[in-house]
Structures are given as C-alpha cells and as structure tokens.
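Undergrad:
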Amino acid sequence: MPLLEPKPEALRPGAARSASHDRVLDGRAAGTPEPLRGELTALLGPEKVLWKVSDLVKYASDASPYRFVPQVVVVPEDIDDISAILSYAHGKDREVVFRAAGTSLNGQAQGEDILVDVRHHWTGIEVLDDGAQARIRPGTTVMRANATLARYGRLLGPDPASAIACTIGGVVANNASGMTAGTTRNSYRTVSSLTFVLPSGTVVDTADPAADELLAHAEPRLCEGLLTLKAEIEADAELTARIRAKYEIKNTNGYRLDAFLDGSTPVQILRGLMVGSEGTFGFISEVVFDTLPLDRRISSALLFFPSLTAAAAAVPRFNEAGAIAVELMDGNTLRASVSVQGVPADWAELPKETAALLVEFRAPDEPGQEAYEGAAAAVVKGLDLVAPVASVTNEFTRETKVISGYWKARKAFVTAVGGSRPSGTTLITEDFAVPPSQLADACESLLRLQAEHGFDAAVAGHAAHGNLHFLLAFDAAKPSDVDRYAAFMDDFCRLTVEHFDGSLKAEHATGRNIAPFLELEWGPKATELMWRTKRVIDPDGVLAPRIVLDRDPKAHLRGLKTIPEVELIADPCIECGFCEPTCPSEDLTTTPRQRIVLRREMMRQPNGSPVETELLDAYGYDAVDTCAGDSTCKLACPVGIDTGAMMKDFRHQRHSPREERIAALTAKNFKAVEASARLAVAAADRIGDRLLETVTGLARKAVRPDLVPEWLPEIPGAAARKLPRTSRVGASAVYYPACVNRIFGGPDGHRGPSLPQAVVAVSARAGKPVWIPEDVAGTCCATIWHSKGYDEGNVVMANRIVEAAWGWTAGGRLPLVVDASSCTLGIAHEVVPYLTDENRELHRELSIVDSLVWAADELLPELTILRKTGSAVLHPTCSMQHLGDVEQLRAVAEACAEEVVVPDDAGCCAFAGDRGMLHKELTASATAKEAAEVNSREYDAYLSANRMCEIGMDRATGREYHSVLMELERATRP
C-alpha cells in the first residue's frame, strides 16, 4: 500500500443513523453472486461486467421515485453482445432491463436482475439526405443529435425538457414528446425505420425491403400471432374506434394498439409497437428519424394571469393563432424557479394564485414572423393580464437571451420544484392529458384534489396539447405518507379517466407507477390485447417484467425509495441525471448523480455495516479521486448542485493535519516552488521522457497516485525565466500571466512569441498597452490548493493574490487581465469564500477580465487583421463555460481563421490543472469523443485559452494546441 494512502474511514458519514428499511442488505456486500458473475464474465469479458456492490447501487436509482438494486450490470459494445445476453437470459430463466440515460420518471429503466447499460458504446449520428433524415444510435442525447442537425437547418420532432441528458433510445422506447411535439411530431409519427433485437435474439431492420420475408423465416409464430391480433382488432369496429379516439390526444399509457391499424405487415406492426414499448419488446439499436425544419425566426412571451384557470382558458386562442408551444406554469412553479440562474429574483414574491403561459411562435422568414406577431398581439389585447412584480413585461420578444431564460425556467419544472421540496422526501412526477378544451376544468379539479389529500400544488405542462404535469412530495419511509400517496393516486386516476376520458400518461410512458391503472383507462378488452401482444413477442417474459403490465393493484407502491439527508450542497438532488453528459468521468467511474446516490446509500446503512465498508472502499477512487472538480455539473443542474465542490470537500476531509501544513507551507513559499518547477521542466528536456515516466511512476506507487503527478511526454518545455518588459505609465490594464504560463512554455513546434509576449504585443498594437507587475512571481489564483481541498493553503494564496491585485490595479482603477480561463475563474469567484472580511471588500473593487474578453471586446475593434489561417478547431474549456466566455473565444478565432469549428462533442478535458497527470485515464476517457471528432479531419490551427487544457488536448489528439491570443498576434503582426 502507498505510504500516504488515505483511509476510507475519513469519509464515513458522521451523523447518527439507523438502518433504513430499503437499505441494501448485508448479504449483498460482496456484489454479484456466483455463478451469475462468473458466467457473464466468461460470456462477455470482465470489462463488460460490473459486479461490485458500489456498481449495483449506483445503477439502482434513476429520475423516478423507485429504487431496485440489480443483481448485475452489463455494458455491451455491439449487437452480438446484446444477442448473447438475451440468449443467456433465456437459457438461465433470467430477466433483462435496458437502461440508457436513466432520466425516465416512472421506473422503467430499473431492473432487479440483469441491467444492461446501453448509454456507453452506443452513441453516434449519421446525417442522411442533406439533413432530411438522421440515423442515430440509442445512447445519443437529443441535444447532441440536434446540434449536428442544426448545421442543416433541421431538428428532431421530439423535444423533451430533459434533452440535455435523455437519449434517443429512451425517447423512442417511451414515445417521449415534449414542448412542441404534440401528437404529430412525436417518435411514433417521425420515426422512419428502426433496427432492433427481439427477445429471441432476432435482429430486424424495418428499412430492409426483405425484412418481412426474413422475419417470417426466423419467427413464423410471432408473425402469425401479430397478424391474428391485427385481424381481431380490425374486426371489432367499436374497439377500432376507441383506439383511434385514444390517440387524438397525447397518450403513452400501454402499448400502441394503433400499430395494428397503421401497419399492414408484421414488420410494419412491430415498427409501431416498438415505439413506446419501454424496453419490453426488444432492444432498439438504431433509429432513422424523419427530421423537421428548424425555423429560426422566433417570437416568445411569458404572459402572467391572475389564476391558473384564467391562463388555461387563454390556451385555445393561442393555438388558433398558430403558436407552436403554449406552456403553463403555476405560482408554485414560478416561485421555485428563482433557484435557476438567470430567473428574476422578484418571482419569489409572486402571489401563489398567479400563473403564466410561455407562448412561442416560430417562422422560417421575416414575413411569417411578422404575421404571427400580429396574430399574437390580437390575442393578447383581449386578455386580462397582470404584472404583480417589476420584472414582468407581458410582451413578445425576439431577443435570444431573454427567450432562452424563459425556457430555462420552464424546463426546470421538475428539478427546481423538486429541489425545493422538504429534505428527506421522495418526489413523484405525474403526467396526464385531457382534451385541450377541458384544460381549465382539469386544472381546477387537480388543484382541488391535491388540497384534499394534503399535497402542495405545483403544476406545469404543455397546455397547447392538454398535457399537464404535477409533482407530489412525501416521505417514503413513513407508512402514513405512502398511504396518502396511494389514496391520491386512486382518486386521481378515476378523475382523469371517468370525468375527462383522459390519458393517465401523456408522454412519460406507463412505467411502474401507472401499470396497475392500465385497465382502468383502456378497459379489459384492450388491456388483454396488450397482454397477448407481450406474450406473442416475448413469450418467456424475459424483458422488463412488471414495467408496463402488472396485475398487482399495489405495484406502484413497491420499491419507493427513501431520500436520506446527505451533505447540504447535494441534498436537493432529485437524481434527474441532467448532470451526467457533462461529467468528465461518466465513462470511467461515476457521475455526479451516482456520487450522490452512493452517499445516500451510506446514509441508509447502519454504521460499520459490510455494505457501507465496501462502498467506502470504492468511493475514494471512483467518486473523489476521479472527479475533475470542474463543476460543469453545476451548470447542467437546474438547481445548481455543485458535486465537484462536494468532492473537493471530501478531499479536504481525507487530508491529515500534516498534509494540510505542508500544503500551506508550499503556498507561503510559492515563489521558490514556482522557480523550482520551471527549472525542473527545463531539466526534463535533457533527462528524457522515458526516464521521467519511470521515476514518477515509482514515486506514485511509493507515496500515493493522487499526490505525485506522472510525467507525460506532452508536457512542454520551460517558459522564459523573465517576462516581457512593460511600463506602468500609460497602461490600460494590468496583465497577470498565470503561474502555469510562467512555468510552461508554448507547444514544442511553435515558432513565434510566447503567450505573455503575444498578449503584450497585441495589446500595444490596439493602443491599449498592458503592464506586468514585477512581483507576480510567487502569486497564484489558488486553484492548485482549491482543487485538491487544501483549505489552509487556499486561504494563504487567495488572500495573497487579492491583496496583490488590489495594489497592482490601484485599488481596482485598472482591470486585471488574466491569461488562463481557469485562473480568471479562480481569482474572480473561487477565492471569495476563503478571504478575510477586509480582503473581501478589496475583492469587490477589482475588475477581473479574462484575456479572451479583453481581446474580443477591447482589442479586436482596434486591430487590423493582416492574414488568416484556413481552418481552426476550438476547445472551449469548462472555465470558459462558467465565465460565459465561449462566444469571445469564437469571436477571436473567427477574426484569425476563415473557418472555425467547435466540435459537437467538446467538453471538459479533465486535465484540471494536474489531475490529468495524477489520473491520466480520466483525461483519456473525458476527451475520447472530442478527440475522435477533431481527428476526423485536418485543421490548420488547434486553439484554446488555457495551457493545461491545451496539454490535455495535445495528449488526446496528437495535435499541438495553443492559445487563440497567440494566433491573434500572428494575424495582426505587421
């Protein structure tokens, strides 16, 4: 064991705990039992079988209120693996559930036996027919697919609020729709063809002209069974009419029986049945969508009404005017949204009875937009709107930023309202539809029913389509609360079906919580047809049992998860998974959601239990060490949960007092440390990469991998010992070269000025000279200590840099320009909690400007571009995302290059200062998709604005990245 290996006990929860009724039992501490583990390992290979109890726990939770711990998790790479898993399940009488993003809200991505992760290894999009169609793999997120399609002026029809995280496989399997899809733009209507694997292992490509012939040969009983059911349905005129009527409004409850009416052959019927089948009929391995035009002329308004019913009554008028989206939000939803960054703070003062409609029109051109705006104005003129707080305008706007803010608030409904629920409560998200003409009546009835059962109202929805969502929070650990939820569900389902003839699930699919009420909505005849369809396609019941069909009237009460309190920063988490696609470690170890899920399981365990011990043993590396600490999870989370900050705090908890003292001593003597580091880098050129890799590798084994960086061949040579000479007299700004740019030089192949020389030169050319203080050595943004959780060292350096900056800038009269985005973020924001009260006052007077903003806003207007490179690819860093500087990166790059590309898969490189040298596997995993996209073609320049991130991308791509400011200097050099 390494000398300074941290003890897992340092992270043991300190709060007094009693064993929760839904904890993972001691007998499961060893993980997947034999022979299951051994047999699947032999079948698929050890890298595709996740068996530790920590693996099983982190996959046991999703965005739903349910929690089922699988026996094993497998990670297939291709269809052959899928077929092998299904064959094994048949032979061993086992059950299989497929899981992609885990954003579904009804438990349909959870299994109690073999859980199959189809998010990893299943991403990719191929654009067809100049964007008219797209072939997409099931692990691809909707947002990622639309990013590619946007270049062709196209988009997908389904647009769920979880588009940032939900994947195509889940969207199709649930027939998810969203804000604008309604009944005409959803998956059922816009899927052109599917490739899927049936429970038997038979692969079907519905686009293959010979598909029916092949299926008849492989599955004659299945084909006969489907055609028999089709004939039976078509012979029943009353049933046929009922089926057609059920899909006049949004409906995802049960199987798509209209597939039997719309399809004429077994393959065509299966194509329809697979949509909305929730993984119970097969695995969808590929989808070809018919895409839709991306109308870019947008006009939107957020209109406020005195009551929910008044807002609902206005919906038909906007539908008639041609609105593509009419979204409803009640007062509780609006007030809870203030937790979302950018939402006006005064919404917290809105009266409880207030409601709002987010109305949007989209047109392909200016005349179309003007026509829509005229129609919208006529509708608004006849409405009785209110403006209860100052930020309310009740006006239509074309401003992209304002419109984006409206949608951010709307899409955060589940997470923002759920995040503000009482601590320790479970969140249920219900979703139903009524005929749009009955929306106002449905709102009144729902509010009354919630009040009767003691639930706070929180209502939002796709009002244009009569589709409402509401949330229920209760404590699943209290039987009385579970009984209250059960009584509400009985009354709600009867109300929806018997009073409104509505859909109990409009777009979230049946799942576990509506399966017991399927027959209430559809009646015995149609429900029995669904059971028979399941038996025809999956006669052995291998796939996803109890998820769509369940005869247990209390099935929706089984497996409800408790939500034990955890660290304050993470406690609001509802486990939605929005954070996961942004996380650098998502394909390596754990995601932010999984880090929180694992922590909650520790809290369910009695102190010292075998399960807790196993979880703690794995948590150090899987959760703490391999967290990049970039906090992009905070940007993706609608309520701003910063799991990265929690992991940094855990790093701090693992430090011994001696380690903290050494870290503080390093900060106090950083001038000597900095000089020594530069000399060491210079010496490395003479020693050679192979020897340095060997020496650092041995040191890591002896001391601790998380303390000793590994030497990488991509590490550049040393920076010049002296910085450029500058004058304080006449300076427009103080220029602060980050310590990383004082230690490391530019790319080995770069010919030209260093970054500090380039910033000084280009600023002078623009008539805005900068001054570099002579005493910058020994100062730092404090990120070195902050990222590792060394609080004492962080305090030392945070206060030192603020005091120095205040002096350099003459008390904030000059801006401080910082040439590394992560250092800008550190000085501008991350140092603040560690400052003394006096230095916090000094910090408020500082104007800290990232070099990208300096170049784009201050220099570019004054510069003459003399030459451009042909093409440039950009790596926007996570710090730029936090600072909002990505557009400035693009602006500077576009001044320097004829073609500028930001990869669709661009994300955090996870180099994170030196974390890429501590855990190079983290950077390799985080950059794999972006690197593949970058290397799919040649570029003339590879640009970013943070030296360590550039080194990380050098390693990932084999290219040489450099600062966009160095490129700007070249472009403007006389």
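Numbering (my numbering), first residue to last: 263 to 1236.
Cβ atoms here follow ideal geometry from the backbone N, Cα and C, with glycine treated the same way.
Could you have a look at D887 and say whether DSSP puts it in helix, strand or coil?
TA: Residue state, collapsed to three classes: helix.
Undergrad: How big is the Cα-Cα spacing for D1065 and P872?
TA: Reading the sequence as shown, one finds Glu at residue 1065 and not Asp. Spanning the two alpha carbons is a distance of roughly 50 Å.
Undergrad: Report yes if the CB atom of V696 is closer than 8 Å to the CB atom of G728, and no otherwise.
TA: Yes, the pair counts as a contact, with Cβ atoms nearer than the cut-off.
Undergrad: At 3 residues or longer, what runs of the beta strand (DSSP E) sit wholly inside the region 411-498?
TA: Correct list: 453-459 and 465-467.
Undergrad: Would you mind giving the Cβ-Cβ distance between A573 and A617, rounded to the nearest angstrom? I have them listed as a contact below 8 Å.
TA: Indeed, because the Cβ distance is near 4 Å, the residues count as touching under 8 Å.
Undergrad: Pair every Cβ in the region 1021-1035 with every Cβ in the region 890-900, then say whether three or more of these pairs are closer than 8 Å.
TA: Short answer: they don't touch.
Undergrad: Just the Cα atoms here: how many angstroms apart are L590 and E714?
TA: If I take the Cα positions, the gap works out to 23 Å.
Undergrad: Who are the near neighbours of S280 in its chain, counting only those whose CB is closer than 8 Å to its CB and skipping five residues on each side?
TA: So the qualifying residues of the chain are P868.
Undergrad: What does DSSP give as the partner residue(s) for Y997 in the beta ladder?
TA: DSSP, once it has assigned bridges, lists V1079 as partnering Y997.
Undergrad: Under a three-way DSSP split, which group does L390 fall into?
TA: Reduced to three states, the DSSP call for L390 is strand.
Undergrad: Does DSSP put Y321 in a helix, in a strand, or in coil?
TA: If DSSP states are grouped into helix, strand and coil, Y321 belongs with coil.
Undergrad: Do F545 and V459 have their beta-carbon atoms positioned less than 8 Å apart in this structure?
TA: Yes, the Cβ-Cβ distance between V459 and F545 is below 8 Å.
Undergrad: State the DSSP-derived secondary structure class of E863, mapped to helix, strand or coil.
TA: In this structure, E863 counts as helix in the three-state DSSP scheme.
Undergrad: Name the two residues that bound the continuous beta strand (DSSP E) containing V1204.
TA: The residue asked about is misnamed: residue 1204 is Tyr in this sequence, not Val. Start and end: A1203 to S1206.
Undergrad: Need the endpoints of the alpha helix (DSSP H) that V1064 sits in, please.
TA: Taken as a continuous stretch (DSSP letters only), the alpha helix (DSSP H) holding V1064 covers D1053 to W1070.
Undergrad: Please go through the same chain and pick out, in chain order, the residues whose beta-carbon is closer than 8 Å to the beta-carbon of T659, but skip the five residues on each side of it.
TA: Taken in chain order, the residues that qualify are S561, S562, A563 and I665.
Undergrad: CB-CB under 7 Å to R299, same chain, minus the five flanking residues each way: which ones, in chain order?
TA: The residues are V311, W313 and V334.
Undergrad: Nearest-angstrom Cα distance between A215 and S1141?
TA: In the structure as shown, the chain begins at 263 and stops at 1236. Residue 215 is therefore absent and cannot be evaluated.
Undergrad: Please tell me whether F566 and A702 are closer than 8 Å, where the distance is taken between their beta carbons.
TA: It is not a contact, given that the beta carbons lie outside the stated cut-off.
Undergrad: Under the rule that 16 or more other beta-carbon atoms within 10 Å means buried, what is L287, buried or exposed?
TA: Its Cβ having fewer than 16 others within 10 Å, L287 is exposed.
Undergrad: Restricting to runs no shorter than 3 residues, where is the beta strand (DSSP E) found entirely within the region 1168-1234?
TA: Segments of the beta strand (DSSP E) lying fully in the region 1168-1234: 1203-1206.
Undergrad: How about R518 and G538: do their beta carbons lie closer than 8 Å?
TA: Their beta carbons are under 8 Å apart, which means R518 touches G538 by this criterion.
Undergrad: Between the Cα of T1045 and those of A980, F1006 and G891, spot the shortest distance and give me the residue it belongs to.
TA: Checking every option, the nearest Cα to that of T1045 belongs to G891.
Undergrad: Alpha carbon to alpha carbon, how far is G415 from V549? Give it in angstroms, no decimals.
TA: Answer to the nearest angstrom: the Cα atoms are 20 Å apart.
Undergrad: Ordered along the chain, which non-local residues of its own chain (more than five positions away) have a Cβ less than 7 Å from that of K492?
TA: Within the same chain, K492 has close Cβ partners F522 and I531.
Undergrad: Taking 8 Å as the cut-off, does the region 324-331 touch the region 362-376 (at least 3 CB pairs, one atom from each stretch)?
TA: Counting Cβ pairs under 8 Å, three or more are found: they touch.
Undergrad: Please state if the CB of F330 and the CB of S454 are separated by a distance shorter than 8 Å.
TA: Not a contact, by the Cβ cut-off of 8 Å.
Undergrad: How would you write the range of the alpha helix (DSSP H) that R559 sits in, first residue to last?
TA: Run containing R559: none in the alpha helix (DSSP H); it sits in the beta strand (DSSP E), R559 to F567.
Undergrad: Counting only runs that start and end within the region 620-691, where is the beta strand (DSSP E) found for 3 or more residues in a row?
TA: Correct list: empty.
Undergrad: Quick check on DSSP: helix, strand or coil for D743?
TA: Helix at D743.
Undergrad: Do you know offhand how far D474's Cα is from T457's?
TA: Approximately 13 Å, taken between the alpha carbons.
Undergrad: Write down the C-beta distance between H770 and N436 rounded to the nearest angstrom, noting that I regard them as a contact closer than 8 Å.
TA: Going by Cβ atoms, the distance from H770 to N436 rounds to 7 Å, so yes, they are a contact pair.
Undergrad: Under the three-state reduction of DSSP, which class applies to L265: helix, strand or coil?
TA: Unreliable positioning characterises L265 in this predicted model, as indicated by a pLDDT of 44, which lies under 50. The coordinate reading is nonetheless provided below. Note: L265 maps to coil in three-state DSSP.
Undergrad: Suppose you measure from the CA of P264 to the CA of R916; what does that come to, to the nearest Å?
TA: Bear in mind that a pLDDT of 44 at P264, under 50, signals an unreliable position, so the number given afterwards is only what the model happens to contain. Each residue's Cα considered, the two are about 15 Å apart.
Undergrad: Quick check: the region 1082-1098 against the region 1120-1134, are at least 3 beta-carbon pairs closer than 8 Å?
TA: Output reads no: the region 1082-1098 does not touch the region 1120-1134.
Undergrad: Would you report the Cα separation of Q395 and V389, rounded to the nearest angstrom?
TA: Computed Cα separation, rounded: 6 Å.
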